[in-house]
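A.B. asks: Residue numbers (this note's numbering): 46 to 324.
Cβ coordinates follow ideal geometry from the N, Cα and C atoms, glycine included.
As the structure is a prediction and not an experimental result, all values here were calculated from the model.
This is the structure, below, for whatever I ask next.
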Amino acid sequence: MSKVILITGSNKGIGFGSAKALLEQAPEFKTIILTARDPSLGESARQALGHLDRTDFIKLEVLSETDFIKLDVVSKSDIQAAASFVQSKYGHLDVLVNNAGWAMKGSAFNLEIVQRTFATNFYGLKDMCEAFLPIMSPNGHIINISSSAGVTPILNNSDLASRFLDPNLTEEGVVALAEEFTKYVGEGTWKDHGWPTWGYAVSKNLVNSYSRVLHRDLKARGMNIRVNTVHPGLVRTDMAGPEAELSLEEGCVVPVQVIRDESDVSGKFWRDGNHFDYY
Numbered sequence: 046m047s048k049v050i051l052i053t054g055s056n057k058g059i060g061f062g063s064a065k066a067l068l069e070q071a072p073e074f075k076t077i078i079l080t081a082r083d084p085s086l087g088e089s090a091r092q093a094l095g096h097l098d099r100t101d102f103i104k105l106e107v108l109s110e111t112d113f114i115k116l117d118v119v120s121k122s123d124i125q126a127a128a129s130f131v132q133s134k135y136g137h138l139d140v141l142v143n144n145a146g147w148a149m150k151g152s153a154f155n156l157e158i159v160q161r162t163f164a165t166n167f168y169g170l171k172d173m174c175e176a177f178l179p180i181m182s183p184n185g186h187i188i189n190i191s192s193s194a195g196v197t198p199i200l201n202n203s204d205l206a207s208r209f210l211d212p213n214l215t216e217e218g219v220v221a222l223a224e225e226f227t228k229y230v231g232e233g234t235w236k237d238h239g240w241p242t243w244g245y246a247v248s249k250n251l252v253n254s255y256s257r258v259l260h261r262d263l264k265a266r267g268m269n270i271r272v273n274t275v276h277p278g279l280v281r282t283d284m285a286g287p288e289a290e291l292s293l294e295e296g297c298v299v300p301v302q303v304i305r306d307e308s309d310v311s312g313k314f315w316r317d318g319n320h321f322d323y324y
């Protein structure tokens, strides 16, 4: 097998750790494409993985390589350029890992923070899926890194939760939820309408709902491309901070497990090594 995988936001944190683990453990991946907003940071990450290319995989008699693409997921032009590059150089993509994310540190909350959070965590992820779906291999896999904050009990509103979990929800409906929250935050009335004061949690609920809908729609079209979300745990990264429960190596265990999974499991939320229906 000679799979090609692309991981967004992979110059550090879970994205980098997962790439490193794949180079060490997963000879089925011939090419691991790293991405970052800053080309210098991306190339530094690639160089940091270089010794693994030359040693471990030579021992396994498998030629593995890393590649790098400058990619900011909030830029549609960057996304389209990345998809064109992958199609031109590799012909297809087997696994897409939407790992890039952003969270505001501290308790500050306003419209600008919500818009920035949604731009990366939801809209950028959605744009990545739409751009890369046409070049995914027939049995490809889209993996969206989510969070335990993305489950509906976090919303503390049963009516709102039922809207996120509606079995008839559409992609347009997911976008409408995002737009509704943003509108109410701008008006200062989000609490009156039952929304939480936590843009990150709402963004990850949007990711989970979108992933569930995308899985359902692809299946309805007779496509075998799988879509899953992953909660890696609270990991000691720049985003979660130094007091988080898991080391980087521990936090990459479940993402790598799902990346390497060869079953037909799709439309599920993975955490702690197991998969669940969305809730």
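Counting only the same chain and skipping the five closest in sequence on each side, list residues whose C-beta sits under 7 Å from that of lysine 171.
C.D. replies: Translated into positions along the sequence shown, residue 171 becomes position 126. So the list reads Tyr255, once near-sequence residues are dropped.
A.B. asks: Residue range of the beta strand (DSSP E) that valine 280 falls in?
C.D. replies: For the purposes of this step, residue 280 is taken as the residue at position 235 of the sequence shown. Segment: none, valine 280 is in no beta strand (DSSP E) and carries neither H nor E.
A.B. asks: Between which two residues does the alpha helix (DSSP H) holding alanine 66 run?
C.D. replies: As a first step, residue 66 must be located in the sequence shown, where it is residue number 21. It spans 58-70 - the alpha helix (DSSP H) in which alanine 66 sits, taken as one unbroken run.
A.B. asks: Classify serine 191: buried if its beta carbon has 16 or more other beta carbons within 10 angstroms, exposed otherwise.
C.D. replies: As a working note, residue 191 is residue 146 in the sequence shown. It counts as buried.
A.B. asks: Please classify arginine 257: is it buried, with 16 or more other beta-carbons within 10 angstroms of its beta-carbon, or exposed?
C.D. replies: Residue numbering aside, residue 257 sits at position 212 when the sequence shown is read from its first letter. Flag for arginine 257 reads buried.
A.B. asks: From what residue to what residue does the alpha helix (DSSP H) around isoleucine 304 run?
C.D. replies: Stepping through the sequence shown from its first residue, residue 304 is reached at position 259. First-last of the alpha helix (DSSP H) with isoleucine 304: 298-305.
A.B. asks: In whole angstroms, what separates the C-alpha of valine 280 from that of glutamate 290?
C.D. replies: To locate residue 280, count along the sequence shown from 1; it is residue 235. To locate residue 290, count along the sequence shown from 1; it is residue 245. Using only the alpha carbons, I get a separation of about 6 Å.
A.B. asks: For glycine 185, report the span of its beta strand (DSSP E) as first-last.
C.D. replies: The residue given as residue 185 occupies position 140 in the sequence shown. Segment 181-190, the beta strand (DSSP E) holding glycine 185.
A.B. asks: Return the CA-CA distance between proline 84 and arginine 91, expressed in angstroms with no decimal places.
C.D. replies: Here residue 84 corresponds to residue number 39 of the sequence shown, with the count starting at 1. Here residue 91 corresponds to residue number 46 of the sequence shown, with the count starting at 1. Rounded to whole angstroms, proline 84 to arginine 91 spans 10 Å at the Cα level.
A.B. asks: Should proline 241 be labelled buried (16 or more other beta-carbon atoms within 10 Å of its own) or exposed?
C.D. replies: By one-based count along the sequence shown, residue 241 stands at place 196. Buried: at least 16 other Cβ atoms inside 10 Å.
A.B. asks: Could you give the distance in angstroms between the alpha-carbon of phenylalanine 209 and the alpha-carbon of valine 220?
C.D. replies: Locating residue 209 in the sequence shown gives position 164, counting from the first residue. Locating residue 220 in the sequence shown gives position 175, counting from the first residue. Cα-Cα distance, rounded: 11 Å.
A.B. asks: Isoleucine 59 and proline 277: beta carbons closer than 9 Å?
C.D. replies: The residue you call residue 59 lines up with position 14 of the sequence shown. The residue you call residue 277 lines up with position 232 of the sequence shown. Yes. Within cutoff.
A.B. asks: For valine 220, name the three-state secondary structure that DSSP assigns.
C.D. replies: As a working note, residue 220 is residue 175 in the sequence shown. Residue state, collapsed to three classes: helix.
A.B. asks: Hey, quick one: how far does the beta strand (DSSP E) through aspartate 139 stretch, first residue to last?
C.D. replies: Within the sequence shown, residue 139 is the residue found at index 94, counting from 1. 138-143 is the span of the beta strand (DSSP E), which, as asked, contains aspartate 139.
A.B. asks: What is the residue span of the alpha helix (DSSP H) that histidine 320 lies within?
C.D. replies: Here residue 320 refers to the residue found at position 275 when the sequence shown is read from its first residue. Per DSSP, histidine 320 belongs to no alpha helix (DSSP H); it is in the beta strand (DSSP E), 319-321.
A.B. asks: At 4 residues or longer, what runs of the alpha helix (DSSP H) sit wholly inside the segment 226-283?
C.D. replies: Within the segment 226-283, the complete alpha helix (DSSP H) runs of at least 4 residues are 244-265.
A.B. asks: With H, G and I counted as helix, E and B as strand and the rest as coil, what does DSSP make of glutamate 73?
C.D. replies: Position 28 of the sequence shown, counting from 1, holds the residue named residue 73. Note: glutamate 73 maps to coil in three-state DSSP.
A.B. asks: In this structure, does DSSP put phenylalanine 130 in helix, strand or coil?
C.D. replies: As a first step, residue 130 must be located in the sequence shown, where it is residue number 85. The answer is helix: DSSP assigns phenylalanine 130 an H, G or I state.
A.B. asks: Inspect the CB distances between the segment 131-139 and the segment 155-174 and report whether three or more fall short of 8 Å.
C.D. replies: Not touching, per the Cβ criterion.
A.B. asks: Under a three-way DSSP split, which group does valine 49 fall into?
C.D. replies: Taking the first residue of the sequence shown as 1, we reach residue 49 at position 4. Three-state result, valine 49: strand.
A.B. asks: Mind the definition here: the segment 204-218 touches the segment 302-319 only if three or more C-beta pairs lie below 8 Å; say whether that holds.
C.D. replies: Verdict: no, contact absent.
A.B. asks: Excluding sequence positions up to five away, which residues of its chain have a Cβ less than 7 Å from the Cβ of threonine 197?
C.D. replies: Here residue 197 is taken as the residue at index 152 of the sequence shown, counted from 1. Excluding positions up to five away in sequence, the list reads Ala206, Phe209, Leu210, Asn250 and Tyr324.
A.B. asks: Closest to alanine 194 by C-alpha separation, out of Ser292, Trp243 and Ala71, would be which residue?
C.D. replies: Position 149 of the sequence shown, counted from the start, is the residue given in the question as residue 194. Checking every option, the nearest Cα to that of alanine 194 belongs to Trp243.
A.B. asks: So serine 301 and alanine 66 are supposed to be a Cβ contact under 8 Å. How far apart are they, rounded?
C.D. replies: Here residue 301 corresponds to residue number 256 of the sequence shown, with the count starting at 1. Here residue 66 corresponds to residue number 21 of the sequence shown, with the count starting at 1. Looking at the sequence provided, one finds valine at residue 301 rather than serine. That pair is a contact at about 5 Å.
A.B. asks: Leaving out five residues before and five after serine 203 in sequence, what residues of the same chain have Cβ atoms less than 6 Å from its Cβ?
C.D. replies: In the sequence shown, residue 203 corresponds to position 158, counting from 1. Correct list: empty, nothing qualifies.
A.B. asks: Which residues share a DSSP beta bridge with tryptophan 315?
C.D. replies: Here residue 315 refers to the residue found at position 270 when the sequence shown is read from its first residue. Val275 and His320.
A.B. asks: By how many angstroms is the C-alpha of threonine 215 removed from the C-alpha of phenylalanine 113?
C.D. replies: Here residue 113 refers to the residue found at position 68 of the sequence shown. Here residue 215 refers to the residue found at position 170 of the sequence shown. Answer to the nearest angstrom: the Cα atoms are 34 Å apart.
A.B. asks: Would you decide whether arginine 99 is buried or exposed? Buried here means 16 or more other CB atoms lie within 10 Å of its CB.
C.D. replies: On the sequence shown, residue 99 is found 54 positions in, with the first residue counted as 1. Confidence in arginine 99 is poor, its pLDDT being 41 and thus under 50, which makes the residue's placement unreliable; the coordinate value appears in the next sentence. With fewer than 16 Cβ atoms within 10 Å of its Cβ, arginine 99 is classed as exposed.
A.B. asks: Counting only the same chain and skipping the five closest in sequence on each side, list residues whose C-beta sits under 6 Å from that of asparagine 166.
C.D. replies: Here the question's residue 166 lines up with position 121 in the sequence shown. Gly146 and Ser248, listed in sequence order.
A.B. asks: With burial defined as no fewer than 16 other Cβ atoms inside 10 Å of the residue's Cβ, what is the status of serine 122: buried or exposed?
C.D. replies: Within the sequence shown, the letter at position 77 stands for residue 122. So serine 122 ends up on the exposed side.
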